[in-house]
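Visitor: Be aware that the sequence shown starts at 69, since it is given in the numbering used here, and climbs by one per residue.
Below is the structure I would like to discuss, written out as structure tokens.
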Amino acid sequence: MLDDASSLVSVIVPIYNAQKFLRQCLDSICNQTHKGLEIILIDDGCTDGSPAIIDEYAARDPRIRAVHKENGGYGAGCNRGLQMATGRWVSIVEPDDYLDLPMYQEMLDFASTFDQKIDIIKCPWTEVSLWDDPSTTLTAPCPLASRMITSERPFTLKDRPTLISTHPSIWSAIYRRDFLNEKGIRFIEYPGAGWADNPFLIETMCQAESIVYLNNCYYNYRIDLPDSTRHHKTKDLVTRPFDRWVTMLDIMKRIGVKDEGIIAAHYDRGFTYAYGAEYDDGVDNPLVVENEKRIFGMMDPRIVERMSELPLVRLRRYCELMGRPMPRHAVLARSAYLLGSAKATVDAFGVGKVAGLTVRHGVMTVRDKMVHNKK
């Protein structure tokens, strides 16, 4: 709507032992070109130097509201911030990431070009890899940046289900606070990080009546370091991706999602999580196999067999574990999909830009497909 460009944004930062990167994160928020911010810093029982940094920034910027609390996990911290928020818009920023300075202003300016009320403004993001050594750090646009173009009108998830098949990336969007409150959307309060962003993604995207997408990368996201997620030491860590996928499916059933494209996008996420678990903990790991069978058994095989976007290696794994034959035309359907997808991408972006994006983040695309959460 026209007055969105000047509206207040409540920026929620749930913080747990983020001392190393916290100043960079807070500087990137406080120095935004859009000055109408309410910055809510949640100290979730930090045991490092983060609380002192929080108080330092709160003392010099009156827009900052600092909260020090016992550790309750990522979801509880976000919920505390949502309870305190008073802005028209809500943003969630992770404390080891950072923002480009025009992020909020340009997102709000974009929303203000539409006549109707917008529920979610969504953008792609920049992936920051190998960040433990400044001499090797790389940045590249996320895969979403080469898959979607800026929207000309508001849409719903059934128009662009890709938004739930890639990384949850709830932080590269801002949400109308009244929308969250009207739908009763809050985070599940898992211990620790707990992948609480996954259910929040489904709650928001599936219930939004008006989404707009601006294909500019403003959010800088530090991804997992290579091999940092390999060989989990507890059952919970091995099964967590599968557990969250099931919770998300339950949410979709509760909301009443019937659209096959949305369901297939969620199945695609399940296959991605299964592939990531195979990579992290072993293709023959009994827990991995057991949980692959668990989520595959919840999928409608008719939808799976029509998912030409699904790599053949994943479809074969599904068929092997479910005791089903490979669909007869799977190879032809996959080939047709890849050709059609390539043509659509070139038509949307042009040959030059597609080539540049491919060169800059070809390796990152594989990583994005295998690992979805860094915390």
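For every residue, glycine included, the Cβ atom is placed at its ideal position computed from N, Cα and C.
How would you label Asp187, buried or exposed, when you count the other beta carbons within 10 angstroms and need 16 or more for buried?
Guide: Asp187 comes out buried.
Visitor: Classify Val306 as buried or exposed, calling it buried when 16 or more other Cβ atoms lie within 10 Å of its own Cβ.
Guide: Val306 is buried by the Cβ-count criterion.
Visitor: How would you call Arg384, buried or exposed, if buried means at least 16 neighbouring beta carbons within 10 angstroms?
Guide: Looking at its Cβ environment, which holds fewer than 16 other Cβ atoms inside 10 Å, Arg384 is exposed.
Visitor: I think Tyr281 touches Lys190, with their Cβ atoms under 8 Å apart; what is that distance to the nearest whole Å?
Guide: Between Lys190 and Tyr281 the Cβ distance is about 5 Å, and since that is below 8 Å, they are a contact.
Visitor: How do the stretch 203-215 and the stretch 116-128 stand: do at least 3 beta-carbon pairs fall below 8 Å, yes or no?
Guide: Verdict: no, contact absent.
Visitor: Does DSSP put Leu94 in a helix, in a strand, or in coil?
Guide: Helix.
Visitor: By alpha-carbon positions, which one of Tyr125, Val135, Cys98 and Ser74 ends up nearest to Tyr84?
Guide: Nearest option by C-alpha distance: Val135.
Visitor: Could you tell me which uninterrupted alpha helix (DSSP H) segments, each at least 4 residues in length, are contained entirely in the stretch 260-289, listed from first to last along the chain?
Guide: If we require 4 residues or more, the alpha helix (DSSP H) runs fully inside the stretch 260-289 come out as 265-275.
Visitor: Taking the continuous beta strand (DSSP E) assigned at Tyr243, which residues delimit it?
Guide: Tyr243 -> beta strand (DSSP E) spans Ala241 to Arg244.
Visitor: With DSSP run on the structure shown, which of helix, strand or coil describes Asp133?
Guide: Per the sequence shown, residue 133 should be read as Arg rather than Asp. Strand.
Visitor: Which stretch, first to last residue, makes up the beta strand (DSSP E) that contains Pro192?
Guide: Element bounds for Pro192: n/a, residue is neither H nor E.
Visitor: Among Cys114, Pro379, Leu206 and Val79, which has the Cα closest to the Cα of Gly260?
Guide: Nearest C-alpha to Gly260: Cys114.
Visitor: Let me confirm a value: Val381 is counted as buried when at least 16 other C-beta atoms fall within 10 Å, else exposed. Which label applies?
Guide: Exposed, by the Cβ-count rule.
Visitor: Can you have a look at Asn249 and say buried or exposed, based on whether 16 or more other CB atoms are within 10 angstroms of its CB?
Guide: Exposed, by the Cβ-count rule.
Visitor: What do you reckon, are the CB atoms on Val196 and Ile291 nearer than 9 Å?
Guide: Contact flag set, yes.
Visitor: Please report the straight-line C-alpha distance between Pro222 and Glu174, rounded to a whole angstrom.
Guide: Using only the alpha carbons, I get a separation of about 17 Å.
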